[in-house]
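> 472 is the number that UniProt numbering gives to position 472 of the sequence shown; each next residue is one higher, with no gaps.
Just so it is clear, CB atoms sit at the ideal spot from N, CA and C, and this is done for glycine as well.
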Amino acid sequence: MAKATTHYDFIVIGAGAAGCLTAGRLVRDHGARVLLVEAGAPDRNPLIHMPAGFVKLLSNHDYMTFHRSAKHPHLNDRQPSIPQGKVLGGGSSVNAMVYIRGQARDYDDWVSLTGDESWRYQALLPHFIRLESNSTFNNAAHGVNGPLKVSDGANLSDVSRAFVLAAQQNGLPYNPDFNSGTQRGTGFYQTTTFQGRRCSGVDAFLAPVMNDARLTIRTGAQVTRILIEQNVAKGIEIQSGTQREQLFADQIVLTAGALVTPKLLMLSGIGPANALARLNIPVIADLPGVGENLQDHHEVPVVAFCNGRQGYFGQDRGWNQIRNGLQYLAFRSGPVASNAVEAGAFFNPDDTSGAPSIQMFCLPTVYLDPDVTSTKAAYGFTLNSCVMRPKSRGRVTLQTSDPSATPIVYPNYLEHPDDLRLSIAGLRRAAQIMREGPLAAMVDRIVLPDEQAVTHACAASDAALAEHCRRTVKTVYHPAGTARMGADNDPMAVLRNDMTVRGIAGLRVFDTSSWPTIISGNTVATTYAVADRGVALMMGETLPGALPAHRSTPADAALMPAL
Numbered sequence: 001m002a003k004a005t006t007h008y009d010f011i012v013i014g015a016g017a018a019g020c021l022t023a024g025r026l027v028r029d030h031g032a033r034v035l036l037v038e039a040g041a042p043d044r045n046p047l048i049h050m051p052a053g054f055v056k057l058l059s060n061h062d063y064m065t066f067h068r069s070a071k072h073p074h075l076n077d078r079q080p081s082i083p084q085g086k087v088l089g090g091g092s093s094v095n096a097m098v099y100i101r102g103q104a105r106d107y108d109d110w111v112s113l114t115g116d117e118s119w120r121y122q123a124l125l126p127h128f129i130r131l132e133s134n135s136t137f138n139n140a141a142h143g144v145n146g147p148l149k150v151s152d153g154a155n156l157s158d159v160s161r162a163f164v165l166a167a168q169q170n171g172l173p174y175n176p177d178f179n180s181g182t183q184r185g186t187g188f189y190q191t192t193t194f195q196g197r198r199c200s201g202v203d204a205f206l207a208p209v210m211n212d213a214r215l216t217i218r219t220g221a222q223v224t225r226i227l228i229e230q231n232v233a234k235g236i237e238i239q240s241g242t243q244r245e246q247l248f249a250d251q252i253v254l255t256a257g258a259l260v261t262p263k264l265l266m267l268s269g270i271g272p273a274n275a276l277a278r279l280n281i282p283v284i285a286d287l288p289g290v291g292e293n294l295q296d297h298h299e300v301p302v303v304a305f306c307n308g309r310q311g312y313f314g315q316d317r318g319w320n321q322i323r324n325g326l327q328y329l330a331f332r333s334g335p336v337a338s339n340a341v342e343a344g345a346f347f348n349p350d351d352t353s354g355a356p357s358i359q360m361f362c363l364p365t366v367y368l369d370p371d372v373t374s375t376k377a378a379y380g381f382t383l384n385s386c387v388m389r390p391k392s393r394g395r396v397t398l399q400t401s402d403p404s405a406t407p408i409v410y411p412n413y414l415e416h417p418d419d420l421r422l423s424i425a426g427l428r429r430a431a432q433i434m435r436e437g438p439l440a441a442m443v444d445r446i447v448l449p450d451e452q453a454v455t456h457a458c459a460a461s462d463a464a465l466a467e468h469c470r471r472t473v474k475t476v477y478h479p480a481g482t483a484r485m486g487a488d489n490d491p492m493a494v495l496r497n498d499m500t501v502r503g504i505a506g507l508r509v510f511d512t513s514s515w516p517t518i519i520s521g522n523t524v525a526t527t528y529a530v531a532d533r534g535v536a537l538m539m540g541e542t543l544p545g546a547l548p549a550h551r552s553t554p555a556d557a558a559l560m561p562a563l
């Protein structure tokens, strides 16, 4: 890689999904000299590249930053944690690899809030397609020649298969492609994997230029602030160990994620003037929307113990570990090739044929956040119901001007009554699916919430189920919206519609912070597409023409094939 220099064409802050794409595209397509700065470590740990390995990394402080939230009175003073990837590749190196684009209506909302038709789904669809290399679908809705590998799951557990059958018996149609133009139904998730191996942002976008002399990657380097002179971004200050240094570029792109990007903006004097003044941070641009509008997908679990050896419990221990490891090394198959979240569903409890508002994840194991509750290790599975378009809004603020301190995060889960209502509806539907034939045949007992509450979920009071939601609600690791785009007359918009920071030249934001609203489903696919559009806007590329929305499969008429 390049010999160290102090001036670059571009500095990209944060090597997550958006940062990897941005840096890779600038080097490969424009021959730019790029510095990519990442606070975390290189992605050398083998667990990163094995699909099932991320489960071991989610609690590892070497690869995750744990943003503990403030107390939530409406969650019985719980302080939910929002872990985020801290490694080359960011979340794309430690996520569950689920590839979901969202719904067209998500991007219609962006158009309504920005007044810019170029953010409509049909305009973003060419970005999704050209980035994608799908090993299953070859049609107008998918790409087959892009750098991002997308494929069906390499391993499907007995629990996942039973879930999809049970969900169909509960009235959901089988949907072989959640990215076909309709989400409604149940099926198996496609993942950012290829031949049993994770395809992270590093694999897709950095690996092709890793040996290019124009690319410099600095890991283990924390950006402390953006250097701004006369409202022009000139460079950054970084700390690596005990050493601080300043590095300069013609353009700065922030891709540090929805929790750290607003932190860096505020540390640099860009944000709510009153809040910055209280911390003695000189105000360069008074933008009250910085750190506001925080949205995150949240989910509530139902856990069941199995009556046999179903699921993945114990597959990482003893002889099973040896056998599964050998199978993976030889054939890239078996439990190690699983992304753990193999199957799911999308539905709308208010309108059975309407746009889904809830996403369900089936995990063939017992998985709970440590701050939720504890239960014994056993064969079992978890159904998580996620509210996809939450109405609650949180915020990110600084607790100090010290760059080493984590920001104060207040996700505000379940604050809006509609979010609580939908969470209860998702809990009821999960309980119903657990009682359907093939899945019910596996259940020994339901342990969370208590068995009686789930057995009679249809008759249980909203108050009882609401208490369960408050006690167990957790992040789905998808924060967004904290430096959002917006119309010129929107006082809370931080970015113009071309993703440049208002009032500051030479500074852009390409990560999920820029989104006006969160999308319906897992966020990494849209993260790549938005960053790709950001690069195109920044470099004056001819934007691909809008495409009509496609449905690649008649989902409502489809039945799950025999497995």
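1. Just to confirm before moving on: does the CB-CB distance between G308 and Y379 stay below 8 Å?
2. Alpha helix (DSSP H) containing M266: first to last residue?
3. Using alpha carbons as the reference points, say which of A23, S93 and F347 lies closest to T186.
4. Return the first residue and the last residue of the beta strand (DSSP E) that K56 is part of.
5. By the DSSP assignment, the beta strand (DSSP E) with A440 in it spans what residues?
6. Taking just the CA atoms, how far does I100 sit from residue 565?
7. For V98, list the residues DSSP reports as bridge partners.
8. What are the boundary residues of the alpha helix (DSSP H) that V164 is part of?
9. Measuring straight from C-alpha to C-alpha, what distance separates D498 and Y174?
10. Would DSSP call P410 helix, strand or coil?
11. Considering only DSSP beta bridges, list what M388 is partnered with.
12. Give me the Cα-Cα distance between V509 and A258, rounded to the nearest whole angstrom.
13. Have a look at G196, L276 and L247 and flag the residue whose alpha-carbon is nearest the alpha-carbon of R332.
14. Does the distance from the CB of S133 to the CB of G143 come in under 8 Å?
15. For A343, count neighbouring C-beta atoms within 10 Å of its own C-beta (all shown protein chains included) and say buried if the count is 16 or more, exposed if not.
16. Would you call the segment 213-232 and the segment 484-492 in contact, with 3 or more CB pairs under 8 Å?
17. Any idea which residues DSSP pairs C306 with across the strands?
18. Run through the segment 91-136 for me and flag every whole beta strand (DSSP E) of 3 or more residues, listed as ranges in chain order.
19. Give the range of the alpha helix (DSSP H) segment to which Y528 is assigned.
20. Look at the alpha carbon of L57 and the alpha carbon of G16, and state the distance between them as a whole number of angstroms.
21. If you measure between the beta carbons of M360 and A345, is that distance less than 8 Å?
22. Taking only the alpha-carbon atoms, compute the straight-line gap between R68 and K474 and give it to the nearest angstrom.
23. Cutting at 7 Å between CB atoms, please list the residues of its own chain near T6, excluding the five before and the five after it.
24. Helix, strand or coil: which one does DSSP assign to I270?
25. Measuring alpha carbon to alpha carbon, tell me which of V260, Y189 and D250 ends up nearest N339.
26. Could you give the residue range of the beta strand (DSSP E) that holds residue 576?
27. For T255, which of helix, strand or coil comes out of DSSP?
28. Between the alpha carbons of G91 and V283, how many angstroms are there, rounded?
29. Hey, would you say G271 sits closer than 8 Å to L287, going by beta carbons?
30. Going by DSSP, name the residue or residues bridged to E38.
31. Among the residues of its own chain, which have a CB less than 8 Å from the CB of V111, if the five just before and after it don't count?
32. On the premise that T382 lies in contact with P301, defined as a C-beta separation below 8 Å, what is that separation, rounded to the nearest angstrom?
33. Only counting runs of 3 or more residues, tell me where the beta strand (DSSP E) segments fall wholly within the segment 329-378, in order along the chain.
34. Quick check: the Cα distance between E436 and V443, rounded to an integer number of angstroms?
35. Quick one: residues in its chain with C-beta nearer than 7 Å to the C-beta of K3, no 5 flanking neighbours on either side, listed in chain order?
36. Measuring alpha carbon to alpha carbon, tell me which residue in V260, G102, L47 and D9 is nearest T523.
According to the structure shown:
1. Start at 1 with the first residue of the sequence shown, and residue 308 comes out as number 308. Start at 1 with the first residue of the sequence shown, and residue 379 comes out as number 379. Yes. Within cutoff.
2. As a first step, residue 266 must be located in the sequence shown, where it is residue number 266. Segment V260 to L267, the alpha helix (DSSP H) holding M266.
3. Start at 1 with the first residue of the sequence shown, and residue 186 comes out as number 186. T186 has its Cα closest to that of F347, out of A23, S93 and F347.
4. By one-based count along the sequence shown, residue 56 stands at place 56. According to the DSSP assignment, K56 belongs to no beta strand (DSSP E) but to the alpha helix (DSSP H) extending over F54 to L57.
5. In the sequence shown, the residue the question calls residue 440 occupies position 440. Unbroken run through A440 is the alpha helix (DSSP H), G437 to A440; no beta strand (DSSP E).
6. With the chain covering only 1 through 563, there is no way to say anything about residue 565.
7. Reading the sequence shown from its first residue, position 98 is the one you call residue 98. Partner(s): T191.
8. Along the sequence shown, one-based indexing puts residue 164 at 164. Where V164 is concerned, the enclosing alpha helix (DSSP H) stretches over D158 to Q169.
9. What you label residue 498 is simply residue 498 of the sequence shown in a count that begins at 1. What you label residue 174 is simply residue 174 of the sequence shown in a count that begins at 1. Computed Cα separation, rounded: 39 Å.
10. Along the sequence shown, one-based indexing puts residue 410 at 410. It is Tyr, not Pro, that sits at residue 410 in the sequence shown. In the structure shown, Y410 sits in a strand (DSSP, three-state: E or B).
11. For the purposes of this step, residue 388 is taken as residue 388 along the sequence shown, with counting starting at 1. None; M388 has no bridge partner.
12. Reading the sequence shown from its first residue, position 509 is the one you call residue 509. Reading the sequence shown from its first residue, position 258 is the one you call residue 258. Between V509 and A258, the C-alpha separation is close to 10 Å.
13. Stepping through the sequence shown from its first residue, residue 332 is reached at position 332. Comparing C-alpha distances from R332 to each of G196, L276 and L247 shows the shortest one belongs to G196.
14. As a position in the sequence shown, residue 133 is number 133, starting the count at 1. As a position in the sequence shown, residue 143 is number 143, starting the count at 1. Yes, they are a contact pair.
15. Within the sequence shown, the letter at position 343 stands for residue 343. Buried is the call here.
16. Note that the segment 213-232 does not touch the segment 484-492; fewer than 3 beta-carbon pairs, one per stretch, sit closer than 8 Å.
17. Translated into positions along the sequence shown, residue 306 becomes position 306. As a beta-bridge residue in DSSP terms, C306 pairs with V443.
18. Segments of the beta strand (DSSP E) lying fully in the segment 91-136: 132-134.
19. Position 528 of the sequence shown, counted from the start, is the residue given in the question as residue 528. Per DSSP, the unbroken alpha helix (DSSP H) holding Y528 starts and ends at V524 to M538.
20. Sequence index remark: in the sequence shown, residue 57 carries index 57 (1-based). Sequence index remark: in the sequence shown, residue 16 carries index 16 (1-based). If you take the alpha carbons of L57 and G16, they lie about 16 Å apart.
21. The sequence position of residue 360 within the sequence shown is 360, counting from 1. The sequence position of residue 345 within the sequence shown is 345, counting from 1. A contact, by the Cβ cut-off of 8 Å.
22. Here residue 68 corresponds to residue number 68 of the sequence shown, with the count starting at 1. Here residue 474 corresponds to residue number 474 of the sequence shown, with the count starting at 1. In this model, R68 and K474 are separated by some 12 Å (Cα to Cα).
23. As a working mapping, residue 6 is identified with position 6 in the sequence shown. Contacts found: L247 and F248.
24. Along the sequence shown, read from residue 1 onward, the residue named residue 270 stands at position 270. Note: I270 maps to strand in three-state DSSP.
25. If you number the sequence shown from 1, residue 339 lands on position 339. Of V260, Y189 and D250, the residue nearest in Cα terms is Y189.
26. Past the edges of the chain, shown from 1 to 563, lies residue 576, and the structure says nothing about it.
27. For the purposes of this step, residue 255 is identified with residue 255 of the sequence shown, where counting begins at 1. DSSP places T255 in the coil class of the three-state scheme, outside both helix and strand.
28. By 1-based counting over the sequence shown, the position of residue 91 is 91. By 1-based counting over the sequence shown, the position of residue 283 is 283. Near 31 Å, if we compare the C-alpha coordinates of V283 and G91.
29. Counting from 1 along the sequence shown, the entry for residue 271 is found at position 271. Counting from 1 along the sequence shown, the entry for residue 287 is found at position 287. Their beta carbons are under 8 Å apart, which means G271 touches L287 by this criterion.
30. Counting from 1 along the sequence shown, the entry for residue 38 is found at position 38. Beta bridge pairing from DSSP links E38 with T219.
31. Within the sequence shown, the letter at position 111 stands for residue 111. Cβ neighbours of V111 beyond the five flanking positions: E117, W119 and R120.
32. In the sequence shown, the residue the question calls residue 301 occupies position 301. In the sequence shown, the residue the question calls residue 382 occupies position 382. Correct: roughly 5 Å between the Cβ atoms.
33. 343-347 and 358-363, all fully within the segment 329-378.
34. Locating residue 436 in the sequence shown gives position 436, counting from the first residue. Locating residue 443 in the sequence shown gives position 443, counting from the first residue. Rounded to whole angstroms, E436 to V443 spans 10 Å at the Cα level.
35. Indexing the sequence shown from 1 puts residue 3 at position 3. Because the pLDDT of K3 is 40, which lies under 50, any placement of that residue in the model is unreliable, and the number read from its coordinates should be weighed accordingly. Answer for K3: no residue qualifies.
36. For this step, residue 523 is matched to residue 523 along the sequence shown. Of the listed residues, the one whose Cα sits closest to T523 is G102.
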